[in-house]
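Novice: Chains as they are written, first to last, in full-length UniProt numbering: chain G, 1 to 438; chain P, 1 to 438.
Glycine is no exception: its CB is placed at the ideal position from the N, C-alpha and C atoms.
2 protein chains.
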Amino acid sequence: MLRIVTQMIEAEAELRRISERTQAEQHIHREATVREILQSVRRQGDRALLEYTAEFDQVELSPSELRVSGAELEAAYQAVSPQLLTALRLAKERIEAFHRQRVPSSWVMFPAPEIILGKQYRPVDRAGLYIPGGRAAYPSTVLMNAIPAQVAGVPEIVMVTPPGSDGSGGKGVNPAILVAAQEAGIQTIYRVGGAQAIGALAYGTETIPKVDVITGPGNIYVTLAKKQVYGTVGIDSLAGPSEVLIIADESANPIHLAADLLAQAEHDPLAAAILLTPDPKLAQQVQQAVATQVEAHPNRLLVEKSVANYGLIAIVPDLQTAAALSNLFAPEHLELQVADPWALLEPIRHAGAIFFGHHTPEAVGDYLAGPNHTLPTAGAARYASALGVETFLKHSSLIQYGPMALREVAGAIQALTQAEGLPAHGQSVQLRLEEDRS
Amino acid sequence: MLRIVTQMIEAEAELRRISERTQAEQHIHREATVREILQSVRRQGDRALLEYTAEFDQVELSPSELRVSGAELEAAYQAVSPQLLTALRLAKERIEAFHRQRVPSSWVMFPAPEIILGKQYRPVDRAGLYIPGGRAAYPSTVLMNAIPAQVAGVPEIVMVTPPGSDGSGGKGVNPAILVAAQEAGIQTIYRVGGAQAIGALAYGTETIPKVDVITGPGNIYVTLAKKQVYGTVGIDSLAGPSEVLIIADESANPIHLAADLLAQAEHDPLAAAILLTPDPKLAQQVQQAVATQVEAHPNRLLVEKSVANYGLIAIVPDLQTAAALSNLFAPEHLELQVADPWALLEPIRHAGAIFFGHHTPEAVGDYLAGPNHTLPTAGAARYASALGVETFLKHSSLIQYGPMALREVAGAIQALTQAEGLPAHGQSVQLRLEEDRS
């Protein structure tokens with residue numbers, strides 16, 4: 001049953017409870033496990049990978065089987081439907097077009113005589129994508145991680161994903177994932193998952209090269225491993241379970257709202273699906289429609305669980321209050337199913353992605369609208385953004401001063417180096433002035 | 001003595017050793033200490049802050065003394081020289097002008113009928129700046145952190161810095177820091193440092209508000225605390241000790257090179273100062289000049305130590321090899337003191353900031369050229385960039401589809417939801433099509 005709350009204080013408390021459903025503090029013992037796994041991979045390389053794969057994935061691999069072979073890559077194309085291939089290509093085209101917008105590029109300026117300033121952007125040398133196995137083995141995730149790296153111009157992109165995601169219980173990888181990877185230009189794929197895969201990408205092994213940036217979602221062990229290797233490599237974010245918050249008024253269709261809430265709930269028992277509406281009648285109708293649609297869902301037990309634990313309808317005084325509550329939650333996905341959705345944008349301060357109007361279910365953005373579906377969760381939208389081309393770029397500041405330009409600022413630098421007690425800093429400027437005088 | 005190596009294999013090994021001088025693995029026991037401090041601050045708020053300040057800083061504060069008073073802020077202006085105030089204002093002007101360049105702004109596009117896509121940029125609600133005490137209490141650091149936050153439009157910026165940085169041994173804060181903060185528009189300053197200050201900013205206490213992003217350098221406890229709270233808040237980076245790598249040819253002045261190397265070495269016993277040159281004569285002259293300048297340095301013992309441990313001159317076959325070695329090290333600061341420095345930019349792939357030519361000592365960029373002096377260290381330039389306005393901005397993806405646009409992609413979405421086993425995702429699209437038909 002999807003609960004309805006009507007008091008603002010209760011709504012706030014519920015939103016806070018849902019937002020804090022996965023606090024890092026619960027994972028201290030897992031952190032120690034992850035640290036041990038990372039250290040083993042760092043010290044023992046492939047050997048540790050094979051041992052952990054046998055232990056955690058119940059799959060025995062030889063070192064040469066770590067990398068997915070060319071024959072498997074080719075065979076994957078035979079295993080997917082023409083419809084899926086067409087869909088992947090459409091998705092790739094739209095995602096790539098969006099990510100090619102506003103890519104930052106290098107620049108210089110000449111603010112005064114003898115002075116050049118600027119920034120030079122470069123891609124990282126090597127990126128590693130983590131693609132989960134099991135229930136979350138999604139080809140769309142491959143596209144959403146690989147395409148920004150390609151658009152950034154990363155010369156070498158590798159992918160890791162656990163064995164067994166083809167459902168064989170063996171070594172195989174879901175063919176849809178292998179096809180998505182190849183469509184996105186990735187040929188180097190290793191069948192290894194979990195914290196051990198993150199360790200391999202961060203430190204390198206005999207088979208798997210060390211990368212500069214690791215992106216992609218995973219379970220709690222993968223997330224804790226990404227946090228631990230952050231600083232040795234760059235990472236995209238610490239992804240938590242998915243969530244949607246919908247603001248709807250009487251113009252919305254309760255059947256559609258229910259479907260959107262369920263589309264979130266079906267991801268994971270920890271997924272959160274929230275509706276804020278000023279319309280009590282709509283709230284009742286959605287509650288009823290959710291109950292009906294849950295009954296019909298092939299994965300009813302999972303959906304029931306997430307709806308019961310992390311589903312919520314809050315009846316709010318007005319849309320401005322809904323926006324304020326949404327800012328408190330800072331949702332990963334925000335749907336504005338109201339008569340004038342663009343009027344509601346102004347008060348929204350934090351959201352990973354915003355879906356406008358009655359014909360933009362989140363699924364459009366999940367798959368192919370173009371913007372990235374890797375978004376900040378658990379309130380991280382307060383300070384973080386979608387994965388993007390920038391995740392795979394970095395810049396160097398460029399600075400040139402000439403002798404006269406240096407002389408003009410020498411006094412100011414001297415005053416600052418004295419205040420900071422750094423005499424050699426001052427000397428590095430003063431010695432250059434003396435030479436100019438001679 | 002600044003060592004000279006001539007074999008490439010030795011140079012590479014030395015650069016790797018210097019790069020790895022501060023590996024996170026050395027800090028496992030400190031991580032536990034930091035975790036305990038963060039938990040205490042989270043649970044006990046101000047009380048924990050005051051206890052840790054008494055323990056670590058030997059300063060007894062009452063809760064009302066945590067915040068630097070208006071009277072102290074005013075008095076700070078009397079304690080700094082007119083030269084320093086002028087210098088801070090010049091630095092502020094140039095840093096602000098540079099950071100106002102290429103600030104990302106919101107946009108939408110209309111790629112096809114009924115489709116709107118875009119990004120909306122917003123500043124974070126609240127930023128917290130950490131400014132170290134002791135030897136590293138630098139007013140320039142205040143400007144470099146505060147100005148990007150101001151340019152981003154962050155409505156509330158607070159600063160934390162340990163008591164005692166005025167050298168009184170008491171509660172006072174270095175007046176140059178208080179003046180720099182006010183010049184940059186910050187009035188809310190708390191006298192607390194260390195991991196406990198990071199905890200206060202991440203979780204909030206009775207006195208100190210919870211922020212969304214924490215930036216600024218600190219000692220190893222501050223850095224470990226930033227890593228642990230990352231995910232609860234955003235952070236700028238995990239700063240390590242400072243470093244410079246200089247590539248120079250026979251056109252460079254050995255006295256200037258020596259001064260630049262010492263300007264790095266004087267920061268910290270862990271600071272690294274490296275020269276790569278194809279000119280053996282220059283190498284000898286720099287070694288001699290460093291010895292002479294070290295003798296004259298007021299902080300001779302510290303400088304000797306960092307030069308001996310983490311200083312290096314490598315004689316390389318040519319400038320291209322120097323660029324390759326520099327990429328291996330991925331230096332925070334890179335000086336190109338060669339006859340044609342811009343010709344050497346192409347092969348440089350990783351560097352936090354690049355200083356061109358003979359009249360651009362790093363000190364120019366440290367203080368006032370404009371680009372940020374908060375830069376990636378310890379090889380992080382392979383994947384990370386300078387602190388900037390983006391550190392305080394985030395964006396929401398904007399997506400709107402109309403009914404016909406949705407219908408056109410419905411088949412592709414259906415194929416993808418089936419491949420991913422997410423039927424409610426498909427339903428959320430299909431149900432909307434049925435309504436359109438009726």
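With DSSP run on the structure shown, which of helix, strand or coil describes H350/G?
Specialist: The answer is coil: DSSP assigns H350/G none of H, G, I, E or B.
Novice: Assign S397/G to one of three DSSP states: helix, strand, or coil.
Specialist: Looking at S397/G - three-state DSSP - the assignment turns out to be strand.
Novice: If distances are taken between C-alpha atoms only, which option among F355/P, Q187/P and L433/P comes closest to I115/G?
Specialist: Checked all of F355/P, Q187/P and L433/P; the closest Cα to I115/G is F355/P.
Novice: Does the beta-carbon of T374/P have 16 or more other beta-carbons within 10 angstroms, so that it is buried, or is it exposed?
Specialist: The residue is buried, with at least 16 neighbouring Cβ atoms inside 10 Å.
Novice: Which of the residues in the stretch 336-364 of chain G, read from start to end, lie with their CB under 8 angstroms from any CB of chain P?
Specialist: Per Cβ criterion, the list reads P341, L345, I348, R349, H350, A351, G352, A353, I354, F355, F356, G357, H358, H359, T360, P361, E362, A363 and V364.
Novice: Against chain P, does R122/G count as a neighbour if the rule is that its beta carbon must be under 9 angstroms from one of theirs?
Specialist: Interface residue, yes.
Novice: Considering only residues of the same chain and omitting the five flanking positions on each side of S438/P, which have a CB-CB separation below 6 angstroms?
Specialist: Only weak support is given to the placement of S438/P: the predicted model assigns it a pLDDT of 49, under 50, and the value that follows is read from those uncertain coordinates. So no residue of the chain qualifies.
Novice: Would you verify that the beta carbon of residue 512/P is, or is not, closer than 9 angstroms to some beta carbon of chain G?
Specialist: Because chain P in this structure spans residues 1 to 438, residue 512/P falls outside the shown range and cannot be described.
Novice: If you follow the alpha helix (DSSP H) that G411/G is part of, which residue opens it and which one closes it?
Specialist: P403 to E420 is the span of the alpha helix (DSSP H), which, as asked, contains G411/G.
Novice: So what does DSSP say about S438/G, is it helix, strand or coil?
Specialist: Note that S438/G scores 48 on pLDDT, short of 50, meaning its location in the model is unreliable; the coordinates nonetheless yield the value given after this. Residue state, collapsed to three classes: coil.
Novice: So what does DSSP say about K92/G, is it helix, strand or coil?
Specialist: Looking at K92/G - three-state DSSP - the assignment turns out to be helix.
Novice: Run through chain G and tell me which residues come within less than 7 angstroms of F98/P, C-beta to C-beta.
Specialist: Ordered by position in chain G, the residues that pass the 7 angstroms Cβ test against F98/P are L117.
Novice: List in chain order: all unbroken beta strand (DSSP E) runs of 3+ residues lying wholly within the stretch 143-218 of chain P.
Specialist: List check, beta strand (DSSP E) in window: 156-160, 188-190 and 213-215.
Novice: Rounding to the nearest angstrom, what Cα-Cα distance links E20/G and Q196/P in this structure?
Specialist: The straight-line gap from Cα to Cα measures roughly 22 angstroms.
Novice: Restricting to Cα atoms, I'd like to know which of M8/P, V5/P, S397/P and T391/P is closest to I214/P.
Specialist: Checked all of M8/P, V5/P, S397/P and T391/P; the closest Cα to I214/P is T391/P.
Novice: Excluding the 5 residues preceding and the 5 following Q414/P in the sequence, name in chain order all residues of the same chain whose CB lies nearer than 8 angstroms to its CB.
Specialist: Once the five neighbours on either side are set aside, the close Cβ partners of Q414/P are G426, V429 and Q430.
Novice: Distance check for E362/G and A296/G, CA to CA, integer angstroms please.
Specialist: Their backbone Cα atoms lie some 20 angstroms apart in a straight line.
Novice: On the CB-based measure, 16 or more other CB atoms within 10 Å of its CB, does G70/G come out buried or exposed?
Specialist: Flag for G70/G reads exposed.
Novice: Using the C-alpha atoms, what's the distance from V103/G back to V173/P?
Specialist: Rounded to the nearest angstrom, the two C-alpha atoms are 42 angstroms apart.
Novice: Name, please, each residue of chain P whose Cβ falls closer than 9 angstroms to the Cβ of H29/G.
Specialist: Going along chain P, no residue has its Cβ under 9 angstroms from H29/G, so there is no contact; the nearest lies around 13 angstroms.
Novice: Tell me, to the nearest whole angstrom, how far the beta carbon of L66/G is from that of T207/G; I am working on the premise that it is less than 8 angstroms.
Specialist: Right, the Cβ-Cβ distance comes to about 5 angstroms (below 8 angstroms), so this counts as a contact.
Novice: What are the residues that DSSP puts in a beta bridge with R122/P?
Specialist: According to DSSP, R122/P bridges with K394/P.
Novice: For L83/G, return the contacting residues in chain P, with the cut-off set at a CB-CB distance below 7 angstroms.
Specialist: It should be noted that the sequence gives Gln, not Leu, for residue 83/G. Correct list: A415.
Novice: How many Å lie between L61/P and K210/G at the Cα?
Specialist: About 48 angstroms.
Novice: So for P111/P, helix, strand or coil by DSSP?
Specialist: Strand, per DSSP.
Novice: Could you tell me which of F56/G, V307/G, H256/G and V286/G sits nearest to A265/G, measuring between CA atoms?
Specialist: Out of F56/G, V307/G, H256/G and V286/G, V307/G has the C-alpha closest to the C-alpha of A265/G.
Novice: Since I believe E183/P is in contact with L88/P (beta carbons under 8 angstroms), could you give me their beta-carbon distance rounded to a whole number of angstroms?
Specialist: Rounded, the Cβ-Cβ distance is 5 angstroms, consistent with contact.
Novice: Given a cut-off of 9 angstroms, decide if I147/P and R126/P are closer than it, judged by their beta-carbon atoms.
Specialist: Cβ distance not < 9 angstroms, so R126/P and I147/P don't count as in contact.
Novice: On a Cα-Cα basis, can you pick out the residue from S396/P, G194/P and D46/P that is closest to P347/G?
Specialist: With distances taken between Cα atoms, P347/G lies closest to S396/P.
Novice: Using alpha carbons as the reference points, say which of A149/G, V142/G, D166/G and R135/G lies closest to N219/G.
Specialist: The shortest Cα separation from N219/G among A149/G, V142/G, D166/G and R135/G belongs to R135/G.
Novice: Give, in chain order, every residue of the stretch 203-222 of chain G whose Cβ lies closer than 8 angstroms to some Cβ of chain P.
Specialist: Cβ contacts with chain P: D212 and V213.
Novice: Report the neighbours of G402/G on chain P: residues whose CB is nearer than 7 angstroms to its CB, in chain order.
Specialist: Those are H359, listed as they occur along chain P.
Novice: G311/G lies in the beta strand (DSSP E); which residues open and close that run?
Specialist: Unbroken beta strand (DSSP E) run through G311/G: G311 to I315.
Novice: Within 9 angstroms of any Cβ in chain G, is that where the Cβ of V424/P sits?
Specialist: Residue identity check: residue 424/P is Ala in the sequence provided, not Val. Answer yes: the Cβ-Cβ gap between A424/P and chain G drops below 9 angstroms somewhere.
Novice: Around the Cβ of P317/G, are there at least 16 other Cβ atoms within 10 angstroms (buried) or fewer (exposed)?
Specialist: By the neighbour-count rule (16 or more Cβ atoms within 10 Å), P317/G is not buried but exposed.
Novice: For I18/P, list the residues DSSP reports as bridge partners.
Specialist: Answer by DSSP bridge pairing: none, since I18/P is not bridged.
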